[in-house]
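Numbering (this note's numbering), first residue to last: -17 to 963.
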């Protein structure tokens, strides 16, 4: 429970307002206000040495020009104290940060970072404060990051005009995503009068409307301490933070009286129906490609009772496949899968609940609406069983207690959770501790009318509702491109010689600015002397209970228990390997024993937080041609549920039902939908998988299971399963594979609170004693080393490019130098060439020692030929350029920062366990870390010359139809073959 604490000591410039201990999170949250400006500071005091900082500004754009998003980019391009062209990316290289980024949300812009090193934290804090409150906002940086026009042929004013800009190209890629387009269209109509009516990231057709003067005006009105919320987490006292806030920034400002607010939306008197097209750029039929979504505007996200009631109702309806609305959407013949928008969105001032289907036809609009409303009406009339409501509260409690941190730092996750209420001038502290609210909800759900009333109040009797139908249009992309060409043609026609010279002059000035070498010593930095000599080694205990080996880690898990069962994959043929992603994806989604999948989903929800089956594959540290692969069944639960958790693990491993043919059919369709939608967000990863596919047998397997080839295979499988005989055959193959895998040699992992693991292991062993342990053979894949060149055509308005080179595994002496080389090329050449000059949202290089491959990549890229040429140019620069020890140190720091990045307590234990299973013990990893620290410039030039020979490159491009047509001649000249999904 929350417990009030005495007020902490604040810096003289701040007033301490409140302090509360939150036992469930093992921290104290403190609330302060700056005396002069009114800036708010929330500090989460804990003994965690990974300190986190975030400053957020309320940003409420009134158009879709992307002003808030472009400002977020441009603000990080130089400030008063740090007048270098690119301080953000320069600090990425000069830091031991565990996280650095900037976010533009719908109604706030935030600048967060985290570090375990106090010197590094202070360096980053100085740079961030200056960037946010004293940004230079150079017009050329606005042109680079936002938008500009240039002549297609540099310096030739007779050539066509083209749009350029990092955000312009980023949003072209982002809006290629159908889920993103769906969400923006839904918000546009659900919020007709507030800032959510607009796309805060920017619509590509509206971004060129933003002027530099409008950017400056938005900065002055929004980037002020009176409009700022500071949040910190960690073991640095709040007063130390506040001294820096005040000295470096806040003392230069006085209070603004005007508040930046988001007003409540004006409510509809009746529901709205909207039909709009979306761009469909794929080859083949557009039949059954329509999306039909319903959306409701609910209560205030800042009112905890409103929020928890909405979460309760949303979970009752859609938490899993046994939830009534989710079940209806998964099983209906009206579409192929539930919409990616299904669920509750709580990041805006007012809550939005969405549900619907994809893979439908526009003529099904009324039927889909009737289906959804019918389910809700049934809940309003009949209610739901009490045990289902208890299961929802169980999930809320588990989520509240889990110490995350394997993606973002744990402290940043908590800060972002609190940021929403704080943005809207509400109290975020109650939202940090749900225990009291869960107690109250547990009392309220005892009344059978409670959930019925919520269904009526929030949905059935709520007229602020929209039914959105989005239909595929294969001409829309070309139509938009033609409109863009016409705008540019008209612009050029209206230019006199002076205007044309101005365009040429700006392009030349920007190139000159991009080429200038800033003095990096203006910025603070850490050095290799600040790097810890080594990393702590996790302690664990190995034991055997019966025939089952156990590994036990005692970690601060805040009352959660993590259980895993692992085995080495046995020998599998090509057909069995192709089934692996389907088996892992649906094992926890099917029935167990006598229970059907609906009963099993209820059981999972009431006993565990999650349960999943997955494969983990790596190449040998000494030979990339030798694949090491594990199958892992993993779960997490509250400690009081550990016996139920272990029994569920056992049943999932042994008693999965592959006779539920309709369910299997639904799951494959859902897998297809998810994988297709992932392309525009993960295109660079997919391109790298394709480029690397010939490097090793494991690389090929990744491409065939998880890459573009895997998506193409999944499409073919999904289409084939419409025939009942093929569906039955597929289910039988899955059953046979499952039977084969469950007879492998299993071993157990348990991660839990200190003092509890041995009892938990004894309990689990009594349940798992019947596990078969027969096969000890391991998977072997045929050797592979070949060059590949492919262009994959997908539904995208931008491109993703990759080049790959065969190298060496992690145990080889050159692996460390190749790893450092990737950062050196990114910092010294690729970032400037691909992002700043080329206009891609991102680009760089990486070395994957697991498959012995060095990869170049670009992300949301307007170019193909220029980018692939830049990859080669970076190699030439490495061979002939003037290189510095400082650049080498920065590249090494980047690698060390990645190696040393902490995870969650449980995540670190699981990672250590699996590293050791793959032969990567602590000593081996520390030896590799030491080799990183010893890499020289001579090493970099040597390995670049030896391994990165352009003629030997494998190439892959993921792009859309339009870019493919424009680049066909070049791609064919490079030997690429064209692949359709």
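Note that beta-carbon positions come from the ideal geometry of N, C-alpha and C, so glycine has one too.
Distance cut-off 6 Å: residue i Cβ against heavy atoms of the ligand MG
{"i": "residue 382", "result": "The model on display carries no ligand, and the ligand MG is accordingly not part of it."}
8 Å Cβ shell around residue i - same chain, five flanking residues per side excluded
{"i": "residue 946", "result": "773, 775, 953, 960"}
{"i": "residue 743", "result": "525, 527, 532, 534, 730, 732"}
Continuous alpha helix (DSSP H) stretch holding residue i: start and end
{"i": "residue 759", "result": "First-last for residue 759: undefined, no H or E at that position."}
{"i": "residue 750", "result": "739 to 750"}
{"i": "residue 690", "result": "690 to 702"}
{"i": "residue 859", "result": "847 to 862"}
{"i": "residue 977", "result": "The chain is shown from -17 up to 963; residue 977 falls before or after that span and cannot be answered."}
Residues of its chain near residue i, where Cβ-Cβ distance is below 7 Å and the 5 sequence neighbours each way are ignored
{"i": "residue 697", "result": "654, 963"}
{"i": "residue 300", "result": "307, 308, 324, 325, 337"}
{"i": "residue 949", "result": "846, 847"}
{"i": "residue 410", "result": "24, 400, 403, 404"}
{"i": "residue 161", "result": "322, 323, 659"}
{"i": "residue 865", "result": "919"}
CA-to-CA distance, residue j to residue i, given in whole angstroms
{"i": "residue 559", "j": "residue 837", "result": "25 Å"}
{"i": "residue 6", "j": "residue 542", "result": "12 Å"}
{"i": "residue 0", "j": "residue -11", "result": "6 Å"}
{"i": "residue 403", "j": "residue 830", "result": "41 Å"}
{"i": "residue 523", "j": "residue 889", "result": "17 Å"}
{"i": "residue 265", "j": "residue 198", "result": "44 Å"}
{"i": "residue 211", "j": "residue 84", "result": "15 Å"}
{"i": "residue 923", "j": "residue 860", "result": "6 Å"}
{"i": "residue 508", "j": "residue 97", "result": "12 Å"}
{"i": "residue 990", "j": "residue 421", "result": "Outside the shown range of the chain, which is -17 to 963, sits residue 990, and nothing can be said about it."}
{"i": "residue 643", "j": "residue 710", "result": "7 Å"}
{"i": "residue 61", "j": "residue 690", "result": "42 Å"}
{"i": "residue 662", "j": "residue 792", "result": "31 Å"}
Per-residue DSSP class, three states only, for residue i
{"i": "residue 165", "result": "helix"}
{"i": "residue 244", "result": "coil"}
{"i": "residue 887", "result": "helix"}
{"i": "residue 465", "result": "helix"}
{"i": "residue 87", "result": "coil"}
{"i": "residue 278", "result": "strand"}
{"i": "residue 674", "result": "helix"}
{"i": "residue 521", "result": "coil"}
{"i": "residue 4", "result": "strand"}
{"i": "residue 76", "result": "coil"}
{"i": "residue 144", "result": "strand"}
{"i": "residue 56", "result": "helix"}
{"i": "residue 576", "result": "coil"}
{"i": "residue 795", "result": "coil"}
{"i": "residue -4", "result": "strand"}
{"i": "residue 937", "result": "strand"}
{"i": "residue 391", "result": "coil"}
{"i": "residue 835", "result": "strand"}
{"i": "residue 13", "result": "strand"}
{"i": "residue 184", "result": "coil"}
Rounded Cβ spacing between residue i and residue j (contact assumed at less than 8 Å)
{"i": "residue 325", "j": "residue 296", "result": "6 Å"}
{"i": "residue 102", "j": "residue 119", "result": "Not quite, the Cβ-Cβ distance comes to about 27 Å (not below 8 Å), so this is no contact."}
{"i": "residue -3", "j": "residue 15", "result": "5 Å"}
{"i": "residue 459", "j": "residue 944", "result": "6 Å"}
{"i": "residue 18", "j": "residue 237", "result": "6 Å"}
{"i": "residue 682", "j": "residue 753", "result": "Not quite, the Cβ-Cβ distance comes to about 32 Å (not below 8 Å), so this is no contact."}
{"i": "residue 133", "j": "residue 608", "result": "Contact flag wrong, Cβ pair sits at about 53 Å."}
{"i": "residue 143", "j": "residue 474", "result": "5 Å"}
{"i": "residue 676", "j": "residue 585", "result": "At roughly 44 Å, the Cβ-Cβ gap does not stay under 8 Å, so residue 676 and residue 585 are not in contact."}
Proximal residues to residue i (C-beta, below 6 Å), its chain only, five neighbours per side dropped
{"i": "residue 449", "result": "255, 276, 351"}
{"i": "residue 500", "result": "66, 67"}
{"i": "residue 327", "result": "334"}
{"i": "residue 694", "result": "963"}
{"i": "residue 228", "result": "-5"}
Residue i: first and last residue of the uninterrupted beta strand (DSSP E) it sits in
{"i": "residue 652", "result": "Unbroken run through residue 652 is the alpha helix (DSSP H), 643 to 659; no beta strand (DSSP E)."}
{"i": "residue 25", "result": "22 to 27"}
{"i": "residue 129", "result": "Careful: residue 129 lies outside any beta strand (DSSP E) and carries neither H nor E."}
Min CB distance residue i to chain D below 7 Å
{"i": "residue 581", "result": "Here there is only one protein chain, and chain D is not present."}
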